[in-house]
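Colleague: Heads up: the sequence lines are chains A and B, in that order. To get the numbering used here, take the position in the first sequence, counting from 1, and add 45. To get the numbering used here, take the position in the second sequence, counting from 1, and add 45.
Number of protein chains: 2
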Amino acid sequence: MESRVETNPDPEVVEEWLLESKQRKACLSLYVRCEVMYDGRASASLAAGDRLVLTKPDGSFVVHADSGCDPQNWMPPGASINIVDTDPVTISATRSDPNELIRVTCEEVYHASIMPMDDDAELNLEGTEADLQDYVFENPEVIEDGFRSTEKEKETAAGPVDIWGYDSNGEPVLLELKRRTAGPDDVDQLRRYLDHLEIEVRGILVAPSFSDRSLEMLDKHGLESREVEPQAAGRDEYHSLSDF
Amino acid sequence: MESRVETNPDPEVVEEWLLESKQRKACLSLYVRCEVMYDGRASASLAAGDRLVLTKPDGSFVVHADSGCDPQNWMPPGASINIVDTDPVTISATRSDPNELIRVTCEEVYHASIMPMDDDAELNLEGTEADLQDYVFENPEVIEDGFRSTEKEKETAAGPVDIWGYDSNGEPVLLELKRRTAGPDDVDQLRRYLDHLEIEVRGILVAPSFSDRSLEMLDKHGLESREVEPQAAGRDEYHSLSDF
DNA sequence: TGATCCAGCTCGTAC
DNA sequence: GTACGAGGTGGATCA
Numbered sequence: 046m047e048s049r050v051e052t053n054p055d056p057e058v059v060e061e062w063l064l065e066s067k068q069r070k071a072c073l074s075l076y077v078r079c080e081v082m083y084d085g086r087a088s089a090s091l092a093a094g095d096r097l098v099l100t101k102p103d104g105s106f107v108v109h110a111d112s113g114c115d116p117q118n119w120m121p122p123g124a125s126i127n128i129v130d131t132d133p134v135t136i137s138a139t140r141s142d143p144n145e146l147i148r149v150t151c152e153e154v155y156h157a158s159i160m161p162m163d164d165d166a167e168l169n170l171e172g173t174e175a176d177l178q179d180y181v182f183e184n185p186e187v188i189e190d191g192f193r194s195t196e197k198e199k200e201t202a203a204g205p206v207d208i209w210g211y212d213s214n215g216e217p218v219l220l221e222l223k224r225r226t227a228g229p230d231d232v233d234q235l236r237r238y239l240d241h242l243e244i245e246v247r248g249i250l251v252a253p254s255f256s257d258r259s260l261e262m263l264d265k266h267g268l269e270s271r272e273v274e275p276q277a278a279g280r281d282e283y284h285s286l287s288d289f
Numbered sequence: 046m047e048s049r050v051e052t053n054p055d056p057e058v059v060e061e062w063l064l065e066s067k068q069r070k071a072c073l074s075l076y077v078r079c080e081v082m083y084d085g086r087a088s089a090s091l092a093a094g095d096r097l098v099l100t101k102p103d104g105s106f107v108v109h110a111d112s113g114c115d116p117q118n119w120m121p122p123g124a125s126i127n128i129v130d131t132d133p134v135t136i137s138a139t140r141s142d143p144n145e146l147i148r149v150t151c152e153e154v155y156h157a158s159i160m161p162m163d164d165d166a167e168l169n170l171e172g173t174e175a176d177l178q179d180y181v182f183e184n185p186e187v188i189e190d191g192f193r194s195t196e197k198e199k200e201t202a203a204g205p206v207d208i209w210g211y212d213s214n215g216e217p218v219l220l221e222l223k224r225r226t227a228g229p230d231d232v233d234q235l236r237r238y239l240d241h242l243e244i245e246v247r248g249i250l251v252a253p254s255f256s257d258r259s260l261e262m263l264d265k266h267g268l269e270s271r272e273v274e275p276q277a278a279g280r281d282e283y284h285s286l287s288d289f
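(1) Name the residue from Glu200(B), Asp207(B), Glu189(B) and Thr201(B) whose alpha carbon lies nearest to the alpha carbon of Gln178(B).
(2) Would the beta-carbon of Ser112(B) fall within 8 Å of that of Pro122(A)?
(3) Taking only the alpha-carbon atoms, compute the straight-line gap between Glu80(A) and Lys67(B) and give it to the nearest angstrom.
(4) Taking Phe182(B) as part of the beta strand (DSSP E), name the residues at either end of that continuous run.
(5) In angstroms with no decimal places, state the Cα-to-Cα distance between Asp95(B) and Glu57(B).
(6) Does chain A have any CB closer than 8 Å to the CB of Thr52(B)?
(7) Taking only beta-carbon positions, decide if Ala58(A) is within less than 8 Å of chain B.
(8) Going by C-alpha distance, which of Leu250(B), Pro275(B) and Glu274(B) is nearest Asp264(B)?
(9) Anything in chain A within Cβ reach of Trp119(B), meaning under 8 Å, just list it in chain order.
(10) Does any residue of chain A bring its CB to less than 8 Å from the CB of Tyr155(B)?
(11) Relative to the alpha-carbon of Glu145(B), which residue among Glu198(B), Glu272(B) and Trp119(B) has its alpha-carbon at the smallest distance?
(12) Name the chain B residues whose beta carbon is nearer than 8 Å to that of Ser66(A)?
(13) What first and last residue would you give for the beta strand (DSSP E) that runs through Met120(A)?
(14) Go ahead and pull the three-state DSSP assignment for Arg140(A).
(15) Residues in the same chain with beta-carbon distance under 8 Å from Tyr238(B), minus the five sequence neighbours each way, listed in chain order, please.
(16) Name the DSSP beta bridge partners of Ser270(A), please?
(17) Three or more C-beta pairs closer than 8 Å, one from the stretch 123 to 141 of chain B and one from the stretch 125 to 142 of chain A: is that the case here?
(18) Can you tell me whether Thr100(A) is buried or exposed? The criterion is at least 16 other CB atoms within 10 Å of its CB, across all chains shown.
(19) Using a C-beta to C-beta distance shorter than 9 Å, which residues of chain A count as neighbours of Ala89(B)?
(20) So with Cβ pairs under 8 Å, would you call Ser259(A) a contact of chain B?
(21) Could you tell me the distance, in whole angstroms, from the CA atom of Phe182(B) to the CA atom of His241(A)?
(22) With 8 Å set as the bound, which would you pick, yes or no: does the beta-carbon of Ser256(A) sit closer than that to a beta-carbon of chain B?
(23) From the beta carbon of Gly228(B), is the nearest beta carbon of chain A less than 8 Å away?
(24) When we look at the beta-carbon of Gly172(A) and count the other beta-carbons within 10 Å, is it buried (16 or more) or exposed?
(25) Determine, for Cys72(A), whether the minimum Cβ-Cβ distance to residues of chain B falls below 8 Å.
(26) What are the residues in the stretch 90 to 102 of chain A lying within 7 Å of chain B by C-beta distance?
(27) For Ile244(B), is the classification buried or exposed, using 16 other Cβ atoms within 10 angstroms of its Cβ as the cut-off for buried?
(28) DSSP has Ser194(A) in a bridge; who is on the other side?
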């Protein structure tokens, strides 16, 4: 299937291309003037304006306006996307569990574009919490002298804790890791895990930085903090690439 | 400015259109085969594949692949987007605070489309937590007989609590509201607010449903739960529109 | 399928 | 500007 693009396409073309895009591995983009209605987990309406509508073969659906990273309206993968009217062109995206509906009513379709998507690549991401976990597990001395890490994702009654280990006195230690500035909710999470343990355990929140309130909360509950930067293997390359 | 679209555009056209889109209130969409590199808060790489690149006049930048609601790579509003090379066409999006860089290297540009975005509409969303807050505040009896709500967003040492009131015995009550199923983190949040109060206060978590673990935690800490459905004004319209 | 938690979360708001 | 919390969060993972 070739990619195609058309300006001011007939409604029938839009309908046909949407069908094609579903049968094959293609996205359909529509640059339109439209109203949008959503109902489901909440309900929303959006008055007429110019937007970009993008449908994907997995049933994902997004409506982008002229600002912001996030779409104004969307449907997660698995939705059923259809042209339900051609005068005016009206697109619906529905799913169940939960029942949700988006209806896009287009007073004009400026461009339509069908885009076969040949893409086998997977995103390779570094610097996640999992990477931080590996780093701290392999380099327990960044926590403190004599710390030994013994287990990742150790199961407890309250769920798996990031890292479990023992300090130089043989006392058990529980680490909760965060890849960014820690806040009150992160202290709560650490506290929750400790609450569910029968025994006395040191709790340490590990993050690159801490908000004032999180530090107060840690202090109040007899918990500790350690500043550890997330490790991103790409850092070096970054500086050579950017120079900005 | 007219909208325009071109297949297999020259690099110079892409460069010119990107400039135009920034000067005026237009988005630029590029259907390309590209590699993507990101470095900043983390680092990521994405091997060659077909994708849709969308730039917005506020500096937002997204790269959509053929699946999923979320972009594979993105930059929030405020980024500087530029063509840094024309052979091959290479797009960069950078920002500072934090320093971040995306570089999109296009081995092919299938379509380019410049899309003036005339859009003054604001999204009207109903069924949010704020709506639930109003509803419970105005209808305190949904919590229990004799409950009086006296304050929304009442300031405390731990931050503002959703609703403050008094029960039929004149005892103070603190409500934490959630518009969806409550989990462990929501119990923690309620508990955090109570911890910072000097006096004894009843704590009630209000949500449409509760996970088992959240109920255990509430029980363990002497807290309460109330099932309240979020109110969406659009519900009625929804059923008449969808019938699915 | 549901529950839990991470995310380069994004986004708005208040301090 | 940072901090905090909501979000129609989305998405992955594991029971």
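By construction, the Cβ of each residue, glycine as well, lies at the ideal position given by its N, Cα and C atoms.
Modeller: Looking at the coordinates:
(1) One-based indexing of the second sequence puts residue 178(B) at position 133. The residue with the shortest Cα to Cα distance from Gln178(B) is Asp207(B).
(2) Mapped onto the second sequence, residue 112(B) falls at position 67. Mapped onto the first sequence, residue 122(A) falls at position 77. Yes; because the gap between Cβ atoms is below 8 Å, this pair is in contact.
(3) Locating residue 80(A) in the first sequence gives position 35, counting from the first residue. Locating residue 67(B) in the second sequence gives position 22, counting from the first residue. For Glu80(A) and Lys67(B), the distance between alpha carbons rounds to 25 Å.
(4) To locate residue 182(B), count along the second sequence from 1; it is residue 137. Careful: Phe182(B) lies outside any beta strand (DSSP E), inside the alpha helix (DSSP H) at Glu174 to Glu183.
(5) As a position in the second sequence, residue 95(B) is number 50, starting the count at 1. As a position in the second sequence, residue 57(B) is number 12, starting the count at 1. Their backbone Cα atoms lie some 21 Å apart in a straight line.
(6) Residue numbering aside, residue 52(B) sits at position 7 when the second sequence is read from its first letter. Judged by the 8 Å Cβ criterion, Thr52(B) is in contact with chain A.
(7) Numbered from 1 along the first sequence, position 13 holds the residue referred to as residue 58(A). As written in the sequence, residue 58(A) is Val, which differs from the Ala given in the question. Chain B, which has no Cβ nearer than 8 Å to the Cβ of Val58(A), makes this no.
(8) Stepping through the second sequence from its first residue, residue 264(B) is reached at position 219. Cα-wise, what sits closest to Asp264(B) is Leu250(B).
(9) Locating residue 119(B) in the second sequence gives position 74, where the first residue counts as 1. Ordered by position in chain A, the residues that pass the 8 Å Cβ test against Trp119(B) are Cys114.
(10) Taking the second sequence and counting its residues from 1, the one referred to as residue 155(B) is at position 110. It does: the Cβ of Tyr155(B) has a partner Cβ on chain A nearer than 8 Å.
(11) For the purposes of this step, residue 145(B) is identified with residue 100 of the second sequence, where counting begins at 1. When each option's Cα is compared against that of Glu145(B), the closest is Trp119(B).
(12) Translated into the one-based positions of the first sequence, residue 66(A) becomes position 21. By Cβ distance, chain B contributes nothing, its closest Cβ being about 10 Å from Ser66(A), past 8 Å.
(13) Taking the first residue of the first sequence as 1, we reach residue 120(A) at position 75. Met120(A) -> beta strand (DSSP E) spans Asn118 to Met120.
(14) Mapped onto the first sequence, residue 140(A) falls at position 95. Arg140(A): strand per DSSP, three-state reduction.
(15) Counting from one through the second sequence, the residue named residue 238(B) turns up at place 193. Once the five neighbours on either side are set aside, the close Cβ partners of Tyr238(B) are Thr201, Ala203, Gly204, Val206, Leu219, Glu221 and Gly248.
(16) For this step, residue 270(A) is matched to residue 225 along the first sequence. In DSSP, Ser270(A) forms a bridge with Leu250(A).
(17) no
(18) Your numbering for residue 100(A) matches position 55 in the first sequence. With 16 or more Cβ atoms within 10 Å of its Cβ, Thr100(A) is classed as buried.
(19) Residue numbering aside, residue 89(B) sits at position 44 when the second sequence is read from its first letter. Ordered by position in chain A, the residues that pass the 9 Å Cβ test against Ala89(B) are Leu168, Asn169, Leu170, Glu171, Gly172 and Gly279.
(20) Here the question's residue 259(A) lines up with position 214 in the first sequence. For Ser259(A), the answer is no, since every Cβ of chain B falls outside 8 Å of its Cβ.
(21) Within the second sequence, numbered from 1, the residue matching residue 182(B) stands at position 137. Within the first sequence, numbered from 1, the residue matching residue 241(A) stands at position 196. So the two alpha carbons sit approximately 34 Å from each other.
(22) As a first step, residue 256(A) must be located in the first sequence, where it is residue number 211. No, because no Cβ of chain B sits closer than 8 Å to the Cβ of Ser256(A).
(23) Position 183 of the second sequence, counted from the start, is the residue given in the question as residue 228(B). Cβ-Cβ to chain A under 8 Å: no for Gly228(B).
(24) Taking the first residue of the first sequence as 1, we reach residue 172(A) at position 127. With 16 or more other Cβ atoms within 10 Å, it is buried.
(25) To locate residue 72(A), count along the first sequence from 1; it is residue 27. Answer yes: the Cβ-Cβ gap between Cys72(A) and chain B drops below 8 Å somewhere.
(26) Ser90, Leu91, Ala92, Ala93, Gly94, Asp95, Arg96, Leu97, Leu99, Lys101 and Pro102
(27) Walking along the second sequence from the start, residue 244(B) turns up at place 199. Exposed: under 16 other Cβ atoms inside 10 Å.
(28) Start at 1 with the first residue of the first sequence, and residue 194(A) comes out as number 149. According to DSSP, which records beta bridges pairwise, Ser194(A) is partnered with Gly210(A).
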